[in-house]
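In full-length UniProt numbering, the protein residues as written are 1 to 175. Yeah, the Cβ is synthetic: ideal placement off N, Cα and C, and Gly gets one too. For clarity, every value in this text was computed on a predicted model and none was experimentally measured. Here the structure comes first, spelled out in structure tokens, and everything after it is commentary.
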Amino acid sequence: SSSETCIPTPSCRICFQGAEQGDLLNPCRCDGSVRHTHQHCLLKWISERGSWTCELCCYRFQVVAINMKRPWQWQAVNITLVEKVQMVAVFLGSLFLVASISWLLWSALSPQAVWQRRDVLFQICYGMYGFMDLVCVGLIVHEGAAVYSVLLRWRAVNLHWDVRSYDKAKDMEEA
Numbered sequence: 001s002s003s004e005t006c007i008p009t010p011s012c013r014i015c016f017q018g019a020e021q022g023d024l025l026n027p028c029r030c031d032g033s034v035r036h037t038h039q040h041c042l043l044k045w046i047s048e049r050g051s052w053t054c055e056l057c058c059y060r061f062q063v064v065a066i067n068m069k070r071p072w073q074w075q076a077v078n079i080t081l082v083e084k085v086q087m088v089a090v091f092l093g094s095l096f097l098v099a100s101i102s103w104l105l106w107s108a109l110s111p112q113a114v115w116q117r118r119d120v121l122f123q124i125c126y127g128m129y130g131f132m133d134l135v136c137v138g139l140i141v142h143e144g145a146a147v148y149s150v151l152l153r154w155r156a157v158n159l160h161w162d163v164r165s166y167d168k169a170k171d172m173e174e175a
């Protein structure tokens, strides 16, 4: 009787295919059967999860942006109803702020607006518009972080990325 040794061939932990589907890399500290992944599988996984860290070993993948995809290759990101409302609020708040400040500056500096500056009703309007401008700035600051997060997700999906293999020596230097 002959004894056969079974040498496991590396496979991608995401699609479970081998090197025939593309080069396998080891992007994190994971070892054993979950060590390898295809670059395109990992990038798809990252874009769907929205996280740059391994869910098993918590290592932050070493990913380098290469360049932006061509405009006809751009993909939309999934956004929630709350994020849509936040984006509309920031857009409308910014629009109002630009229009209001433009009018206030024109009204304060233009020779044609001398009569406005003397009118009590317009002086009340100046105060109201100034207050609304502060409200808009607060709205933009408050909701801006959520809009920025959506823009970062969109950027992540629409860039070409290169995932680097895990370098134990470099990891030890950082620790």
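> Taking DSSP as the reference, what is the three-state secondary structure of residue 24?
Replying inline: Reduced to three states, the DSSP call for residue 24 is strand.
> Going by Cα to Cα distance, which pick from 25, 34 and 89 is closest to residue 13?
Replying inline: Per the Cα distances, 34.
> Leaving out five residues before and five after residue 65 in sequence, what residues of the same chain have Cβ atoms less than 7 Å from its Cβ?
Replying inline: The beta carbon of residue 65 sits closer than 7 Å to those of 159 and 161, all from its chain and outside the five residues before and after it, given in chain order.
>> Once DSSP output is grouped into helix, strand and coil, what is the label at residue 36?
In response: Three-state result, residue 36: coil.
>> Going by DSSP, what residue range makes up the alpha helix (DSSP H) through residue 64?
In response: Note, residue 64: premise wrong, no alpha helix (DSSP H); beta strand (DSSP E) at 63–68.
> What's the C-alpha gap between residue 134 and residue 117?
Replying inline: Roughly 21 Å separates the two Cα atoms.
> Alpha carbon to alpha carbon, how far is residue 36 from residue 86?
Replying inline: Computed Cα separation, rounded: 39 Å.
>> DSSP three-state label for residue 163, please.
In response: Shown here, residue 163 sits in a strand according to DSSP, grouped into three states.
> What whole-angstrom Cβ distance do residue 21 and residue 38 have, given they're in contact under 8 Å?
Replying inline: Contact between residue 21 and residue 38 holds: CB atoms are separated by about 6 Å, below the 8 Å threshold.
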